[in-house]
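**Student:** Numbering (this note's numbering), first residue to last: 6 to 125. We put the beta carbon where it would ideally sit given N, CA and C, even for glycine. On a predicted model such as this, the values are computed, not experimentally measured, just so you know. Can you read through this structure? Questions will come right after.
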């Protein structure tokens, strides 16, 4: 990842942390696996404890993103309870994000135990 792209990602993550106080942010997709294309966007999985509906969670995050970014941002925002449920249900997509994604921020490591258990 070029320094310019890394700087954009850092600004996005810092804005999300400062304005929405997430529990965790994980980069997944092409930037996480080191194979981005020119038109790739940032795929972010965010764990945030909230009572907002799914669509409203996305909007809450989007309104704090920097306007001058050159890359798009795709978001998945789940509560920690929803993440726990996804692990119990063996949701392959969520397992893959936690196994192959790059953790950019973690308020604490509560969820990490589930990731280690699922990887065995």
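With distances taken from CA atoms, which of 30, 20 and 8 is nearest residue 85?
**Tutor:** Residue 85 has its Cα closest to that of 30, out of 30, 20 and 8.
**Student:** Which ranges does the beta strand (DSSP E) cover as unbroken runs of at least 3 residues, wholly within the stretch 35–88, from first to last along the chain?
**Tutor:** Taking only runs of at least 3 residues, the beta strand (DSSP E) segments lying wholly in the stretch 35–88 are 47–52 and 78–83.
**Student:** Relative to the alpha-carbon of residue 79, which residue among 33, 8, 28 and 23 has its alpha-carbon at the smallest distance?
**Tutor:** The shortest C-alpha separation from residue 79 is found at 33.
**Student:** Under a Cβ-count criterion, where at least 16 other Cβ atoms within 10 Å of its own Cβ denotes burial, should residue 90 be classed as buried or exposed?
**Tutor:** With fewer than 16 other Cβ atoms within 10 Å, it is exposed.
**Student:** In the structure shown, what three-state DSSP assignment does residue 92 receive?
**Tutor:** Helix at residue 92.
**Student:** Is it buried or exposed for residue 27, if we count other Cβ within 10 angstroms and need 16 for buried?
**Tutor:** With 16 or more other Cβ atoms within 10 Å, it is buried.
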